[in-house]
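For reference, the structure discussed in these notes is given below.
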């Protein structure tokens with residue numbers, strides 16, 4: 001099983017979303033345990049008590065580690081103005097430079113001082129030995145892969161799927177009552193207010209014998225390593241890993257998205273935020289179309305949040321149709 005668009009582990013806190021997605025395929029339990037290489041040493045992510053003790057050569061317990069990190073935090077920063085200041089005020093310079101600075105520069109192509117403090121909303125440290133990358137109670141990977149899962153979702157008698165057809169071609173005919181558009185909102189309007197910025201990913205495949213790195217994902221935090229991580233895909237499906245003598249890995253590189261690229265991560269800096277407001281206003285003036293999803297609303301959304309929002313939208317659509325009321329441009333608040 002190969003994750004062509006990078007590692008995807010389904011995780012959610014919403015039981016109804018978990019129950020819904022499982023109607024389309026069986027999920028195997030999977031816990032994402034990420035490792036990181038910094039300055040030639042291997043550590044556990046997220047930064048936890050083991051990481052702290054390894055990094056500083058200590059044997060601290062939770063309370064001692066909390067005090068230790070609090071003492072290293074930069075207390076002179078009372079109102080962090082950017083990502084770097086936020087990190088320094090939370091964890092101090094040593095952990096920031098080891099695990100966050102270089103990786104963030106590679107991931108976003110920007111100095112962390114150019115990124116908003118809001119990216120780092122809470123303390124990125126656990127004061128226990130929990131190395132589960134996610135904290136949600138429901139976590140797994142579809143046993144037959146995401147392709148089979150999507151095929152099952154689309155297996156509806158009244159649904160017609162057309163591939164390799166540009167949206168503009170379909171929109172020109174306009175022989176339908178309403179559009180639910182999940183493509184890039186700027187593209188829908190012909191980039192009238194400019195192109196919204198995205199980061200995209202390049203994947204460099206290499207094969208190896210046996211087991212290359214011993215785990216699914218290793219992040220490379222040092223800035224002089226050009227890629228952000230290596231994923232070894234047999235480890236995402238441990239139930240079938242022993243049946244393969246060879247292994248498939250991908251080095252992952254992040255860069256600014258250009259026309260024709262797959263847009264992955266919305267940048268949402270000041271310029272993009274202003275541009276998005278113009279597109280939202282334009283969308284609200286347009287009838288017969290609703291914008292949904294990551295690209296349609298220009299937000300970073302995990303799979304479970306996307307599904308949760310779609311389910312809410314479906315219920316709202318039923319209500320509005322029953323009232324013979326118009327459908328809105330958005331089903332979420334973008335103000």
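Residue numbers (the UniProt record's numbering): 1 to 335. Even glycine gets a Cβ: it sits at the ideal position worked out from N, Cα and C.
- If you check the CB distance, residue 282 and residue 192 come in under 8 Å.
- The DSSP assignment places 198-209, 217-220 and 229-232 as complete runs of the beta strand (DSSP E) inside the region 185-234, in order along the chain (cut-off: 3 residues).
- The region 224-239 makes no contact with the region 284-296, as fewer than three CB pairs between them are under 8 Å.
- Contact check for residue 35 against residue 215 passes: the beta carbons are separated by less than 8 Å.
- Beta-bridge annotation (DSSP): residue 252 is paired with 203 and 229.
- Using a C-beta cut-off of 8 Å, the region 247-263 makes contact with the region 190-205, since at least three inter-stretch Cβ pairs fall below that distance.
- Contact between the region 31-46 and the region 90-109 is present: 3 or more CB-CB pairs across the two stretches fall below 8 Å.
- By the 16-neighbour rule on beta-carbons within 10 angstroms, residue 160 is exposed.
- Distance check between residue 143 and each of 133, 325, 11 and 240 places 240 closest, using alpha-carbon atoms only.
- Distance check between residue 329 and each of 279, 139 and 53 places 279 closest, using alpha-carbon atoms only.
- Around the CB of residue 293, 16 or more other CB atoms lie within 10 Å, so the residue is classed as buried.
- If you compare the alpha carbons of 255, 312 and 314 with that of residue 106, the shortest gap goes to 255.
- As summarised for the region 11-85, the continuous alpha helix (DSSP H) elements at least 4 residues long and confined to that stretch are 15-21, 49-56 and 62-72, given in chain order.
- Residue 142: member of the beta strand (DSSP E) spanning 138-142, first to last residue.
- Residue 153 and residue 22 have their C-alpha atoms some 10 Å from each other.
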